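See below for the structure under consideration.
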Amino acid sequence: MATMRLEIVTAERRVYSEDVDMLVAPGIDGQLGILPNHAPLLTALQPGEIRVDKDGEESYMAVSGGFLEVLSNRVTILADTAERAEEIDIERAEAAVRRAQERISSRASDRDLQRALMSLRRSQARLLAARRRRPRRDVGAPPHS
Ligand code: ATP
Numbered sequence: 027m028a029t030m031r032l033e034i035v036t037a038e039r040r041v042y043s044e045d046v047d048m049l050v051a052p053g054i055d056g057q058l059g060i061l062p063n064h065a066p067l068l069t070a071l072q073p074g075e076i077r078v079d080k081d082g083e084e085s086y087m088a089v090s091g092g093f094l095e096v097l098s099n100r101v102t103i104l105a106d107t108a109e110r111a112e113e114i115d116i117e118r119a120e121a122a123v124r125r126a127q128e129r130i131s132s133r134a135s136d137r138d139l140q141r142a143l144m145s146l147r148r149s150q151a152r153l154l155a156a157r158r159r160r161p162r163r164d165v166g167a168p169p170h171s
């Protein structure tokens with residue numbers, strides 16, 4: 027089966043570097059599904075989760091924004107921040123959600139409100155990705171007796 031290279035990097039570190047079968051990423055205009063041999067593409071990302079399919083298994087990461095480039099069967103994500111699901115500290119993300127919600131409800135300046143909204147989206151993306159960690163059972167119809 028055809029694969030493509032996926033590299034996810036931040037200014038600080040390489041988060042992911044593998045040959046993968048499929049990728050779904052939070053493009054600025056909506057979810058982007060990318061398969062091997064995709065046409066060249068450059069797009070901004072919004073905070074959200076990245077789903078990767080590799081060898082029949084799904085894995086998840088959180089990304090807070092950045093850029094995604096597809097070129098020559100290689101996908102490069104330059105992320106502001108990115109974490110693999112298993113690296114995410116759920117309590118820290120929950121605390122960040124609470125802090126952001128308090129700041130939003132305290133109706134600070136427009137600038138503070140924008141920052142709180144972005145912080146909320148980052149932390150919610152982390153919680154979403156982290157909670158996918160446990161492999162999900164198939165949720166099809168129950169077997170007939
Ligand atoms: P916090 O208020 O908890 O620091 P934040 O959204 O302000 O959250 P960022 O500035 O986006 O944090 O990220 C700072 C660094 O911490 C980055 O390297 C990011 O990957 C990491 N990080 C942030 N939140 C978490 C988390 N819940 N679990 C693991 N790493 C995290």
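According to our numbering, the sequence shown is numbered sequentially starting from 27.
Here a beta-carbon is modelled for each residue, glycine too, at the ideal position from N, C-alpha and C.
Remember, it's a predicted structure, so these values are computed and weren't measured experimentally.
What did DSSP end up calling Glu-120 once you bin it into helix, strand or coil? helix
Those residues which DSSP pairs with Gly-53 across a bridge: Gly-56 and Leu-71
In whole angstroms, what separates the C-alpha of Ala-51 from that of Glu-75? 7 Å
Within a Cβ cutoff of 6 Å, which residues of the same chain sit near Val-165, ignoring the five residues on either side of it in sequence? With a pLDDT of 48 at Val-165, under the threshold of 50, the modelled position of this residue cannot be trusted; read the value that follows with caution. So no residue of the chain qualifies.
Return the CA-CA distance between Val-101 and Met-48, expressed in angstroms with no decimal places. 10 Å
Rounded to whole angstroms, how far is the Cβ of Ala-108 from the Cβ of Met-87, which I believe are closer than 8 Å? 6 Å
Distance, Cα to Cα, Ala-151 vs Ala-121? 14 Å
Indicate the three-state DSSP secondary structure (helix, strand or coil) for Ser-85 in the structure shown. strand
Beta carbon of Ala-142: closer than 7 Å to some heavy atom of the ligand ATP? no
Measuring CA to CA, which of Ile-114, Pro-73 and Val-46 is closest to Leu-61? Val-46
Is Arg-129 near the ligand ATP, judged by its Cβ being under 7 Å from some heavy atom? no
Which class does Ile-178 belong to by DSSP, given the choice of helix, strand or coil? The chain is shown from 27 up to 171; residue 178 falls before or after that span and cannot be answered.
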